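Worksheet for the structure shown next.
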Amino acid sequence: MHIIGKTNIDFIGKRKIALFISSVLNIAILVGIAIFGFNFGVDFAGGTLVEIKFSPSTTAEQVREGAVKGGLQEPQVQAIGEPGNFILRMGGVTQLNEENEKAAETALRGLGDVTSITKNLDTGLINVRYKAAVDPEAIKAAVVATGTGVTQVSKLGEFDYQVKAEGMAAKVTSALKSGLAGAEFEVRRTDYVGPQVGKQLRNKGVMALVWAMLFILIYVAFRFDLKFGPGALVAMLHDVVMVSGYFLITRREFNLTSIAVLLTIVGYSINDTIVIYDRIREEMVKYKGKPLPEIINIAINDTLSRTILTSGVTALSLVGLLIFGVGEIFDFAAAMLLGIFVGTYSSVYIASPLVIWLDDREHLKEASSGSTAAPKPA
Amino acid sequence: MDRNWYTRLGVILAVTLGTLWMLVPSYYSFFVLDRADRNNVEKLKNVLPFWAPPAKYRLSLGLDLQGGIHLVMHVDMKTALTKRAERRASQMVSWVASKKLGELENPEVDPENNRVTFTVKDPATTDAIEKGLVDTFTDFKLKGRDGAKISMALDEGSLEGMTTEALDMALLRIRERIDKWGVAEVQIAKLGNDQIQISLPGQSDPEQVKQLIGETGQLEFRLVATDSSAFASMYTSTPPADTTRIRLVQSGTTADSPPGPFLESEDRKALLEYVAGKVAAPQRVLTHCVKDVGPKSKCLKYQTYLLDTQSVPGDLLKGAWFPGSPNNQGQYYVAFEMQPEGAKQMGELTGKNIRRQMGIILDDNVMSAPSIQSEITDSGTITFGRMGSEAKEYGKLLSITLQSGALPAPVSIGEIRVVGASLGDELIKKGTFAALLGLAIVVLFMALYYKVSGLVADVALVLNGGLILAGLAAFGATLTLPGIAGFVLTLGIAVDANVLINERVREEIAAGKSARAAVDAGYDRAFWTIFDAHVTTLIAGLVLMFTGTGPVRGFATSLIIGIVASLFTSIVVTRLITTYFVHGRNASTVSV
């Protein structure tokens, strides 16, 4: 059985159009990211995510109203998977926020002479130092009265106390119970990430991408000619940007799993590029003297059947995940699928033409510097 | 068929059998044990046949698939460092007074940069004080002088040391809490320089966990009762249900053992339940954990201490340190200092009770119980009989324990991920089904498209799947949901290698080569392409492994194992079978 027989398509001839379209798309996505940004998940933005299953089912709007009525601040509610399954996201991490911190401070100052007071909204901690001893229970009661839940008041020194505000997630169950009277639900998953941790995770994720590309580039430079390196790099960047576009346009959550997708795409993209490069290298030896664009065209056409089959088969293996995956795993499969297609495209239209371009420049340089190289036949 | 072929066949058969063998404990844990016992290593050991690999080589499920809590605790390093700087500042003030250099006033610590500022009372003495401080307090650097004001700040090295110390302290406290709680299979690890990561499989109530871990435990000194015969009499009058589980020991064998008789058990909860109500108030029974030597320092068994009422709270400590070298009698020791109020209480407690044991209790655990040699007021030392590296480890632990009473390192929760057990079950069902569906589609496609060669590739693919699972089991890695995604993707990549080979063989046949030559050329030419392609994906996987956390790492683990397995199955295994067809049976055509 054959899907594709022998082909003779002029890929290289269309490289300018392809490069143009790709550049426009890439720039558009990058501008889009700069303007709209990603819809960062709690992994990166910090915040609280709770997955809840209601039985009997209800609507997202009702859940949202109930949550607000119960005292949650600006929850985002999203239906996911089976009916009755919802994800609630809240930006606030602890119950100490801009609105109630002032009230909490005033309450604390009311308890005695305060030497110093520092508040950290990121971690929900208030450090307070009095001039004389104060009952920790009184401190707790005073802060709770201002609307901020308190997990604990600890004594740090002689007259030093630390107030630990309660997390947002702690409030979800009680808020939903009071806001949606009579509703039966089960909390299936809670993700809570502090903003500092979130920032760290994001930096680490970006660093992982940069390191991976760097190491792969070193490997390519080592295994192939230096001329091939930049093409492979640009193709990788192209694919990463295009797949980021998926998260930008669909507004799906960009989180740790998305970074994993991007890294896999990097691996896949280079994989595909290398198969074609390998063939170009082989045919450069076989057809010595032929102009490079022609050789590349032959190489791409010869490997076309393989290229399409491979992408197809890898895509097929994702079908199960696409059908049965919910939430993160669906996004993983969908973004991977897109990545496989752009990865295949970029190997043909981005990585290979760049080799020609670099080769042309090399010849131009040789010619202009009047090198001793043998004159090339026109 | 040359000898080489048979050697390869032997290797492949060995690998296949090894794979199946390696999967035996996983098979038993998933299909023979009840769901509730899935993580119970003891039960697994009992059902495993004698020839199976040890029970620890089983595929365990990640928290996302079996339900559980993953949390990251954040140590409030800023507060911890400020507290330490404040302590040093007060030591500077008393040092200057004791050396009669003059008097320092208004010690202030800026919490932003931990800079300590003093005002010198008599400006004439400023030079001498400055010199004295700089020479004595070498962990500080002079930052500036403005008239009679001296400001000093912690230098980089000691800042780092204090950070590590504060993190160790927080780790110790969390570990004590969890040990006490007795959750099986907890993983606790440092993360960066101000975080601690904890995994609690099977737990589902984050509020309960937060309460247990989040609240800081108390340190105290409490007298050990001189007569613990209560343990012996309760053991004879109402013996425990299982006397092998709770044992009566007449006298201990190590320096830390409670004064005999005492009770001993591997199960803290059972031990405490047994003694509950059997000791007359106000005496209390607390446990001491006998630790395993080594980095994990798990509790091997628990021993009971009977404690009297007289005590001194640990927050009256001023500080403690371990010099790391023996005193002039050749004994290692930990020195500590008390605050004025603490010195008074300590003096009362120790003065009347010389020769008795004083328990150092952190969070209801008796960490150590040295005997009182003489009255202790504002400072004292604890000597211990251990030698060498054991003494160093013990001294460090003891000083950290004491320090944690004097200097808190407050912790807050930085990250919590909770997965309910029902969601976990659903995910594993769906995940497995999705993976199997993907596999089935690929297998079917290969067989239809490449016929016999496709079937050969399918055999390799199934073996590859087995190898990934066996590899995860052998490395003791856990299978997570992203791990399943990585598994599926790797199968796709493994098939890619066979597509490359088969396409190449087709080309060679189209070029007019014989079946034999075409197969040989196909494999040889495709090898380096496949190799390069695998190595690059492997690089991405390794980077993910080393930089990633949690879910990403699970993905990377199965990707890496899968890539290595794929090199073997899609090149060596398929070539062996194909060679058998074209060489062994001398087929003139090859079915691709």
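If you're matching them up, the sequences are chains B and V in order.
All you need for my numbering is the position in the first sequence, starting with 1, plus 6.
All you need for my numbering is the position in the second sequence, starting with 1, plus 1409.
C-beta: ideal position from N, C-alpha, C; glycine also.
Since this is a predicted model, take the numbers as computed values, not measurements.
Assuming V/Y1742 is part of the beta strand (DSSP E), what are its boundary residues? Y1741 to M1747
Whole-angstrom distance between B/L220 and B/E334, CA atom to CA atom: 27 Å
Cβ-based contacts, 8 Å cut-off: residues of the stretch 218-249 of chain B near chain V: A218, F221, I222, Y225, V226 and R229
Against chain V, does B/Q101 count as a neighbour if the rule is that its beta carbon must be under 8 Å from one of theirs? no
With V/I1791 and V/M1755 assumed to form a contact (beta carbons below 8 Å), what rounded beta-carbon distance in angstroms separates them? Actually they do not touch by this definition, with Cβ atoms about 13 Å apart.
What number of angstroms, rounded off, separates the C-alpha of B/R195 from the C-alpha of V/I1478? So the alpha carbons of these two residues sit roughly 9 Å apart.
Three or more beta-carbon pairs under 8 Å between the stretch 243-254 of chain B and the stretch 228-235 of chain B, yes or no? no
Alpha carbon to alpha carbon, how far is V/L1951 from B/K59? C-alpha separation (whole angstroms): 37 Å.
Let me make sure I understand the geometry here. Which of V/I1809, V/V1897 and V/A1562 has the alpha-carbon closest to that of V/A1729? V/I1809
Beta-carbon proximity list for V/L1681, same chain, < 8 Å, skipping 5 on both sides: V1694 and T1696
Taking only beta carbons into account, state which residues of the stretch 105-137 of chain B come closer than 9 Å to chain V, listed in chain order. S122, T124, N126, T129, G130, L131 and N133
Separation of B/D284 from B/K294, as counted between CA atoms: B/K294 and B/D284: Cα-Cα distance of roughly 16 Å.
Thinking just about the alpha-carbon of each residue, which of B/A147, B/Q158 and B/A24 is nearest to the one in B/G130? B/Q158
Would you report the Cα separation of B/A51 and B/I282, rounded to the nearest angstrom? Looking at the two C-alpha atoms, the distance is approximately 39 Å.
With DSSP as the reference, identify every bridge partner of V/P1722, one or two as the case may be. V/E1629
Whole-Å CB distance - V/F1745 paired with V/L1726, under 8 Å assumed: 6 Å
Please name the residues in the stretch 188-203 of chain B whose beta-carbon is closer than 8 Å to at least one beta-carbon of chain V, in chain order. E192, V193, R194, R195, T196, D197, Y198, V199, G200, Q202 and V203
Near-chain B residues of the stretch 1470-1499 of chain V - C-beta to any C-beta below 7 Å: V1481, H1483, D1485, T1488 and K1492
Going along the chain, which residues of its own chain have a beta-carbon closer than 7 Å to the beta-carbon of B/S352, five neighbours each way excluded? A241, H244, D245 and S275
Hey, is B/L344's beta-carbon within less than 8 Å of any beta-carbon in chain V? no
With a floor of 3 residues, list each beta strand (DSSP E) that falls wholly inside the stretch 159-247 of chain B, ordered by position along the chain. 166-171 and 191-199
Please report how far the alpha carbon of B/T121 lies from the alpha carbon of B/E172, in whole angstroms. 25 Å
Rounded to whole angstroms, what's the CA-CA distance from B/Q84 to B/S264? Just pull it up for me. 19 Å
At 7 Å on the CB atoms, spell out the chain V contacts of B/S311, in chain order. Within chain V, the residues near B/S311 are E1912.
Beta-carbon of B/I15 versus every beta-carbon of chain V: anything under 8 Å? With a threshold of 8 Å between beta carbons, B/I15 makes no contact with chain V.
What does the alpha-carbon distance come out to for the pair B/A340 and B/L328? 7 Å
Pull up the CB-CB distance for B/Q168 and V/P1819, whole angstroms please, since I reckon it's below 8 Å. With a Cβ gap of about 6 Å, B/Q168 and V/P1819 count as contacting.
In the structure shown, what three-state DSSP assignment does V/W1730 receive? strand
For B/T154, go through chain V and note every residue whose CB falls closer than 8 Å to its CB, in chain order. Residues of chain V passing the Cβ test: none, with the nearest at roughly 14 Å.
Contact criterion: CB-CB distance below 8 Å. Does B/E214 meet it with respect to chain V? First, the residue type needs correcting, since residue 214 of chain B is Ala and not Glu in the sequence shown. True, the Cβ-Cβ gap to chain V drops below 8 Å.
Report the rounded CA-to-CA distance for B/K233 versus B/W363, giving the unit in angstroms. 9 Å
Based on the DSSP output, what are the partners of V/G1477 in its beta bridges? Partner residues in the beta bridge of V/G1477, as assigned by DSSP, are V/P1610 and V/V1828.
Spatial distance of B/S374 from B/N307 (CA atoms): 34 Å
Could you compute how far the alpha carbon of B/L25 sits from the alpha carbon of B/G273? 22 Å
On the three-state DSSP scale, how would you describe V/R1915? Residue state for V/R1915 is assigned as helix, using DSSP reduced to three classes.
Within the 8 Å Cβ cut-off, does V/A1949 reach chain B? yes
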